[in-house]
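Colleague:
Protein chains: 2
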Amino acid sequence: MNLKQLSKRLNLSQTTVSRALNGYPEVSAKTRQRVIEMARELGYAPNQQARRLATGKTMAIGHVLPRSPNEMLNPIFMEFIAGAGLVYAKYGYDMMISVVPNDNEEAIYQEIAARKKVDGIIVHAPRKDEQRHKLLKKLGIPFLMHGRITGAEDETSWVDINNRQAFERATRFLLDLGHRRIGFLNGNEEMDFAIRRREGYVNALQNAGCPVDPDLMHSSEMTEPLGTQFAINLLRSSNPPTAFLTSSITLAIGAESAATSHGLEVGKDISIVTHDDVISFLPNSGEYPHFTCIRSSVGEAGQRAAQLLIKDLIDQGDPDHRVTHLMEADLILGRSTGPAPQG
Amino acid sequence: MNLKQLSKRLNLSQTTVSRALNGYPEVSAKTRQRVIEMARELGYAPNQQARRLATGKTMAIGHVLPRSPNEMLNPIFMEFIAGAGLVYAKYGYDMMISVVPNDNEEAIYQEIAARKKVDGIIVHAPRKDEQRHKLLKKLGIPFLMHGRITGAEDETSWVDINNRQAFERATRFLLDLGHRRIGFLNGNEEMDFAIRRREGYVNALQNAGCPVDPDLMHSSEMTEPLGTQFAINLLRSSNPPTAFLTSSITLAIGAESAATSHGLEVGKDISIVTHDDVISFLPNSGEYPHFTCIRSSVGEAGQRAAQLLIKDLIDQGDPDHRVTHLMEADLILGRSTGPAPQG
DNA sequence: CGGAGCTTTCAAAGCGTTTTGAAGATGCAG
DNA sequence: CTGCATCTTCAAAACGCTTTGAAAGCTCCG
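Chains as they are written, first to last, in the numbering used here: chain Y, 5 to 347; chain X, 5 to 347.
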């Protein structure tokens, strides 16, 4: 069933049928009604490819997911994408995802641009020496970053959380409870967000006149076993921490299992504060959640990002327009923290 | 840069340029060379939408991800998709993902079909009373299921693991170690895969003449806290299990933390066997992995599924052709199992 | 009743490819 | 030099829609 056949059935021109279905005003109410009914009856919907070609709009947004060197796929991606997907559905956009080895991400962007596959792109996980935004700017595709690029905050559109402040606050919270040795299990510090988090941690320590011990700091992919491993190393050391600050729930679970296997009671003998991205299958909810956390839903960030990209960048059509959104993270008290034990 | 401009620059017709780029034989070698070079130089790649319209092929595969009632997003999806994505990239296919509320999945399929958005679809997570395959068959879209549909195994194409046998084997393994009370933490038994797993568990018990106690069986979303919760309930009961069989690594982590907090040493006082989908951020690898497991990579399943869908269903073009692939799961010995303690 | 001013409808041109059917070169035998 | 087969190349149609510019059908007033 295509437009031609449908209009023949209705004894109308393709123009009129098309306009009736797309809500143009120059169609009489009865005609529109008739068209809509017949279209529903025959299950007609315009061929997406033809429409794309005719309008020059693809109604699709692209996401490029690089697999990190160790084949690790970030669960945060998925949660973000799920959020964004809801907004895409709302506005009739499709979501196109490319999974690529980390090294030829650039080629993918080139191709997407040349073939005009999408109307906009969301760029994930900016790194330390981020370059993708330059390429995309050159290619002229509207794009929005999930996370800021240090040094280029004013050149791109982004949605981000206030990582530095959140981690500073969390660290201060632990300091206020009397903890002086706080193990820090961070994400991969090749990533921009992880750098900011470390800065927050270090700032809080320095402001409190607390020494900054590099031995207490760890940076790696955020997996549970790696969390366990580093936490165990620390607990076995001669001068173990009384608290952990972790960059993800998975790391926190790792730290907890390390502590427990060391015979420590979490929330009493040792405290844990974690960042909580609100990953759906790693819930940390309820009125009194398991982990004390700095919480900021990455699914919400995805929704926000999608909304801004579509409405403020694509629909606006101004290639120089910028839009940013900084999300604050709440510090939520859970059962994993308490005053530092008196040594 | 489009075909018209490119061919003008080359003093050739669009036909010839198109043929040169698409590898048709009726173009002289020198001409082809000249065309290819110029195309590269000018960064030309055919507009995807135009090509789709002209060829009638979208070169895209669709995935519909339903959010379950409690907003839970299955991490297994992501791993599967990542695997499939690699194969799509290899064959020049795009991956289109729709995130939808659980209830209007059907409408999405209708629309995808009517608008001709994709060449094929992969259907995730068949349920107990699965109906989607009937709709898709009616719509005439090539599709492949990730997981079988009980009672319709012969009507659809699918890629699946031998769930029943794997869980039977795992249970027998625990029985052989002397365990008689085995707690079973299963996934949501609205799902086909979970039903098969329970059958495997029950079969093994019955074959061994071991009583089947419904109190030992639990079915829920596969999250860590739910695993902890049910494991704790069991351990507190008057007749606690000496082993757990779990349907996912997250449930196993939950069970482990429950056991540990009960003062039990995993692998000695209590055994845990889990299914391991090989989720990248929940690694359970190494020569002597943390959990004894039945392992089957869902990422590999994704690759397989993509390959079969493209090569055997779409390329073949025969709507009645069926293809299936059953993956066996290895039972891998880890550190979480040991002989049943003598009571 | 004629025509201005609306409303409603239409035929045809585009969007950028691929593909069809035909024509223009080229080569070689006669 | 002609004629025929073989390579190359081409102009134009097709894909299914949206959109432009024009025409047809009304209404209403002088």
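Idealized CB from N, CA, C, for every residue including glycine.
Using 8 angstroms as the threshold, is the C-beta distance between residue 127 of chain X and residue 119 of chain X below it?
Modeller: No, the pair does not count as a contact, with Cβ atoms beyond the cut-off.
Colleague: Can you tell me where the beta strand (DSSP E) with residue 330 of chain Y in it begins and where it stops?
Modeller: 328-331
Colleague: So, residue 182 of chain X versus residue 309 of chain X, is the Cβ gap smaller than 8 angstroms?
Modeller: Taking a C-beta distance under 8 angstroms as the contact criterion, residue 182 of chain X and residue 309 of chain X do not qualify as a contact pair.
Colleague: Between which two residues does the alpha helix (DSSP H) harbouring residue 222 of chain X extend?
Modeller: It is not in any alpha helix (DSSP H) - residue 222 of chain X instead sits in the beta strand (DSSP E) that spans 221-223.
Colleague: From residue 48 of chain Y to residue 54 of chain Y, what distance separates their C-alpha atoms?
Modeller: 14 angstroms
Colleague: Shorter than 8 angstroms from the beta carbon of residue 62 of chain Y to some beta carbon of chain X?
Modeller: yes
Colleague: Is the separation between the beta-carbon of residue 164 of chain Y and that of residue 146 of chain Y shorter than 8 angstroms?
Modeller: no
Colleague: Under 6 angstroms Cβ to Cβ from residue 340 of chain Y, same chain only, skipping five residues before and after it: list those, please.
Modeller: 270, 271, 276, 295, 296
Colleague: If we count the other Cβ atoms within 10 Å of its Cβ and call it buried at 16 or more, is residue 151 of chain Y buried or exposed?
Modeller: Label assigned to residue 151 of chain Y: buried.
Colleague: Can you tell me whether residue 171 of chain X is helix, strand or coil according to DSSP?
Modeller: helix
Colleague: Just list the beta strand (DSSP E) runs in the segment 201-251 of chain Y, keeping only unbroken ones of 3 residues or longer that don't cross its boundaries, in chain order.
Modeller: 221-223, 247-250
Colleague: Which residues does DSSP pair with residue 125 of chain Y in a beta bridge?
Modeller: Y/66, Y/147
Colleague: Which residues in the same chain as residue 258 of chain X place their Cβ atom closer than 7 angstroms to its Cβ, once the five residues preceding and following it in sequence are excluded?
Modeller: 228, 229, 230, 231, 232, 235
Colleague: Run the CB neighbour count on residue 216 of chain Y, radius 10 Å, all protein chains shown included, and call it buried at 16 or more, exposed below.
Modeller: Exposed: under 16 other Cβ atoms inside 10 Å.
Colleague: At a cut of 8 angstroms, does the segment 320-330 of chain X reach the segment 154-171 of chain X through at least three beta carbon pairs?
Modeller: The segment 320-330 of chain X makes contact with the segment 154-171 of chain X, as at least three CB pairs between them are under 8 angstroms.
Colleague: For the 8 angstroms Cβ check, are there 3 or more pairs between the segment 80-97 of chain X and the segment 62-69 of chain X?
Modeller: yes
Colleague: Which first and last residues belong to the beta strand (DSSP E) in which residue 195 of chain Y is found?
Modeller: Looking at the DSSP string, residue 195 of chain Y is not in any beta strand (DSSP E), and its letter there is neither H nor E.
Colleague: Select from X/205, X/288, X/281, X/68 the residue whose C-alpha is nearest the C-alpha of residue 247 of chain X.
Modeller: X/205
Colleague: Determine the contact status of residue 113 of chain Y and residue 139 of chain Y, defining contact as a CB-CB distance below 8 angstroms.
Modeller: yes
Colleague: So residue 263 of chain X and residue 298 of chain X are in contact, right, with Cβ under 8 angstroms, and what is the actual spacing, rounded?
Modeller: About 20 angstroms separates the two Cβ atoms, so there is no contact after all.
Colleague: Count the C-beta pairs between the segment 33-47 of chain Y and the segment 25-44 of chain X that are closer than 8 angstroms, then say yes if the count reaches three, no if not.
Modeller: Counting Cβ pairs under 8 angstroms, fewer than three are found: no touch.
Colleague: Could you compute how far the alpha carbon of residue 14 of chain Y sits from the alpha carbon of residue 141 of chain Y?
Modeller: Their backbone Cα atoms lie some 47 angstroms apart in a straight line.
Colleague: Report the option in Y/144, Y/97, Y/43 whose CA atom is closest to the CA atom of residue 323 of chain Y.
Modeller: Y/144
Colleague: What is the DSSP secondary structure of residue 105 of chain X, reduced to helix, strand or coil?
Modeller: strand
Colleague: Evaluate residue 189 of chain X with the Cβ neighbour count: other Cβ atoms within 10 Å of its Cβ, from every protein chain shown; 16 or more gives buried, anything less gives exposed.
Modeller: So residue 189 of chain X counts as buried.
Colleague: Run through chain X and tell me which residues come within less than 9 angstroms of residue 47 of chain Y, C-beta to C-beta.
Modeller: 114, 117, 118
Colleague: Counting only beta-carbon atoms, is residue 287 of chain Y nearer than 8 angstroms to chain X?
Modeller: yes
Colleague: Look up residue 336 of chain X in the DSSP assignment and say whether it is helix, strand or coil.
Modeller: strand
Colleague: For residue 255 of chain X, which of X/240, X/266, X/281, X/177 has the nearest alpha-carbon?
Modeller: X/281
Colleague: Tell me whether residue 52 of chain X is buried or exposed, calling it buried when 16 or more other Cβ atoms sit within 10 Å of its Cβ.
Modeller: buried
Colleague: Between residue 101 of chain Y and chain X, is the shortest Cβ-Cβ distance under 8 angstroms, so that the two count as touching?
Modeller: Interface criterion met: the Cβ of residue 101 of chain Y is under 8 angstroms from a Cβ in chain X.
Colleague: List, in order along the chain, the chain X residues whose C-beta lies closer than 8 angstroms to that of residue 83 of chain Y?
Modeller: 77
Colleague: Run down chain X in chain order and give the residues with a C-beta less than 9 angstroms from the C-beta of residue 261 of chain Y.
Modeller: 257, 260, 261, 264
Colleague: What does DSSP give as the partner residues of residue 280 of chain X in its beta bridges?
Modeller: X/299
Colleague: Counting C-beta neighbours from all protein chains within 10 Å, is the total for residue 292 of chain X 16 or more, i.e. buried, or is it exposed?
Modeller: exposed
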